[in-house]
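Student: Here you go, one structure.
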DNA sequence: CTTCTGACA
DNA sequence: TGTCAGCA
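Numbering (UniProt numbering), first residue to last: 1 to 105.
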C-alpha cells in the first residue's frame, strides 16, 4: 500500500462519501437525523464516514428502492445490528465451550 | 465544512 | 414523505 493511504483509507468527508454512494450530501445529513446512521465526528464537528458507514448508506439506497420509508429503514438497520451482535455473541459462546473454557469438575 | 429553511412531486 | 437548492 502507498504511504498516504494509511491515513486516508477508511474515513471520508461527507462530500466524497456522498459521491461514492451516489447520494446528495443533504440526504446523508437527513439519514443521520432520522437515526439511520451515526458517522464519527472530528473535534471540529465534521462528519467522518467509515467504510462501514458507506455500506449502510448503500443498504439505505436498496431499502429505499424497495419502497421502505426512513422510519422502516431505521428499524431494519437496527435489527440487523442487533442480529450481528447476537451472532458474534453466540459464536464466542460456542468457542468457549469447544476450548473447554470452564472446567467440568 | 455545518445547520436551517422552503419548494416540489 | 423524501429530495434538492440556497442561505447564514
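For each residue, glycine too, the CB sits at the ideal point set by N, CA and C.
Counting C-beta neighbours from all protein chains within 10 Å, is the total for residue 4 16 or more, i.e. buried, or is it exposed?
Tutor: Here residue 4 refers to the residue found at position 4 of the first chain. Note that residue 4 scores a pLDDT of 48, beneath 50, so its modelled location is shaky; the value from the coordinates is reported in the next line. Residue 4 should be labelled exposed.
Student: Assuming residue 39 and residue 62 are in contact, meaning their beta carbons sit under 8 Å apart, how far apart are those beta carbons, in whole angstroms?
Tutor: The residue given as residue 39 occupies position 39 in the first chain. The residue given as residue 62 occupies position 62 in the first chain. Their Cβ separation, rounded to whole angstroms, is 19 Å, which puts residue 39 and residue 62 out of contact at 8 Å.
Student: According to DSSP, simplified to helix, strand and coil, what is residue 4?
Tutor: As a working note, residue 4 is residue 4 in the first chain. Any reading at residue 4 must be qualified, since the residue scores a pLDDT of 48, below 50, and its modelled position is unreliable; the value itself is stated next. Coil, per DSSP.
Student: Does DSSP put residue 40 in a helix, in a strand, or in coil?
Tutor: Counted from its first residue, the first chain places residue 40 at position 40. Residue 40 falls in the strand class under three-state DSSP.
Student: Below 8 Å, can you find three or more Cβ-Cβ pairs linking the stretch 39-48 to the stretch 79-90?
Tutor: With the cut-off at 8 Å, the stretch 39-48 and the stretch 79-90 do not touch.
Student: List the DSSP bridge partners of residue 50.
Tutor: For the purposes of this step, residue 50 is taken as the residue at position 50 of the first chain. In DSSP, residue 50 forms a bridge with 11.
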